[in-house]
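Please read the structure below before turning to the comments.
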Amino acid sequence: MKKTNHIIYLYDKPADMELILCSNSVISYPLHNHVSVFTIALVLYGSLSLTISGDSFTCEKDSSFTVLPYIPHMIEANDAYSLLTLCIGKHTVHSCDKDEIKHNILHLLTSVRELELTEVQISRLLNCLDFPDSALLSYPVSPLIDLVKKQMECCPEMKLSIDEMARSLHLSKYHLIRIFKQTVGLTPHQFQIQNRIRKAQHMLNAGDNMTEVALATGFCDQSHFIKQFEKHVGLTPAAYKTSCRLLT
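Per this note's numbering, the very first residue in the sequence shown carries number -12; after that it's consecutive.
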């Protein structure tokens, strides 16, 4: 089978959800976390390796998994795979009951004509929502780095060097990197880059052009932006833009 890395992104803004369908993909994703969404996923075809919180698992057809906010994880392709991923805003998870969330998921699944799921597959996906309520409160907290972390989440384009961050907290830069990674699961640089890429995704989906996005997200030039975007998303910014759909 030819490997095409075909990806669809479908946004349902009212439900605060995003569906991502990777078909026949060989993309591997580096270590990252999701700061504002709960992620549930189902392997539709092939095999991939999931590393989450330092533990590695092989996920094959019909395997499902959940990734909570801030939990570091990465995906490596063992061979070509197809993966269905649903990202649900953490505020929705906090404020809506699970029956409403499941109803919105089913509506989203039926909106993708390329997607044909069995009842068993749908059940496996929905069962991923059955995490304990205590998981909703499991975000990392560290008053020492909380301000810096929030700055990088809200304004990732800011030019904050490790030295500047360390001085503001009266720490050595090595101690800052160590406690930041212990808390967030990533180094400050990794965390800043992934949040820049997320902001770039939102801007591209809103119709902004690539040059504007590269500058607005703090990248020094367009080629560096494209390289980092493709590393984290698996597509070039242009390919990503054409892959996005908005549920109406």
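The beta-carbon is built from N, C-alpha and C at its ideal position, and this holds for glycine as well.
CA-to-CA distance, Glu63 to Arg165, given in whole angstroms: Position 178 of the sequence shown, counted from the first residue, corresponds to residue 165. Position 76 of the sequence shown, counted from the first residue, corresponds to residue 63. Distance between the alpha carbons of Arg165 and Glu63: 25 Å.
Nearest to Ser15 (by Cα), restricted to the options Asp195, Leu55 and Tyr68: Taking the first residue of the sequence shown as position 1, residue 15 is located at position 28. Checked all of Asp195, Leu55 and Tyr68; the closest Cα to Ser15 is Tyr68.
Rounded separation between Cys142 and Glu47 - CA only: Here residue 142 is taken as the residue at index 155 of the sequence shown, counted from 1. Here residue 47 is taken as the residue at index 60 of the sequence shown, counted from 1. Spanning the two alpha carbons is a distance of roughly 38 Å.
Proximity below 8 Å, CB of Leu131 to CB of Leu156: The count along the sequence shown starts at 1 and reaches residue 131 at position 144. The count along the sequence shown starts at 1 and reaches residue 156 at position 169. Yes, Cβ-Cβ distance for Leu131 and Leu156 is below 8 Å.
Classification of Glu106 by the beta-carbon crowding that lies within 10 angstroms, buried from 16 upward: Residue numbering aside, residue 106 sits at position 119 when the sequence shown is read from its first letter. It counts as exposed.
Residues sharing a beta bridge with Ile75, DSSP: Within the sequence shown, residue 75 is the residue found at index 88, counting from 1. For Ile75, which the question treats as bridged, DSSP gives the partners Met4 and Phe25.
Through-space distance from Leu158 to Glu5, alpha-carbon basis: Counted from its first residue, the sequence shown places residue 5 at position 18. Counted from its first residue, the sequence shown places residue 158 at position 171. Each residue's alpha carbon lies about 39 Å from the other.
Close beta carbons around Phe44, own chain, < 6 Å, minus the five adjacent residues each side: Locating residue 44 in the sequence shown gives position 57, counting from the first residue. So the qualifying residues of the chain are Leu37.
Test item: CB-CB of Thr72 and Ile(-6) under 8 Å: Taking the sequence shown and counting its residues from 1, one reaches residue 72 at position 85. Taking the sequence shown and counting its residues from 1, one reaches residue -6 at position 7. No. Outside cutoff.
Pair within 8 Å by beta-carbon distance, Gln209 and Ala201: Within the sequence shown, numbered from 1, the residue matching residue 209 stands at position 222. Within the sequence shown, numbered from 1, the residue matching residue 201 stands at position 214. Result yes, Cβ atoms of Gln209 and Ala201 sit closer than 8 Å.
Phe167 - DSSP class collapsed to helix/strand/coil: Along the sequence shown, read from residue 1 onward, the residue named residue 167 stands at position 180. Correct three-state label for Phe167: helix.
Beta-carbon spacing of Arg183, Glu144 below 8 Å: As a working note, residue 183 is residue 196 in the sequence shown. As a working note, residue 144 is residue 157 in the sequence shown. Yes; because the gap between Cβ atoms is below 8 Å, this pair is in contact.
Outcome for Thr97 when other beta-carbon atoms lying within 10 angstroms are tallied against a minimum of 16: Locating residue 97 in the sequence shown gives position 110, where the first residue counts as 1. Exposed.
Proximity winner among Ala187, His162 and Asn196, relative to Gln215 (alpha-carbon distances): Here residue 215 refers to the residue found at position 228 when the sequence shown is read from its first residue. Comparing Cα-Cα distances from Gln215 to each of Ala187, His162 and Asn196, the minimum goes to Ala187.
His(-7): CB within 7 Å of a non-hydrogen atom of the ligand NAD: The ligand NAD is not part of the structure shown, which contains no ligands of any sort.
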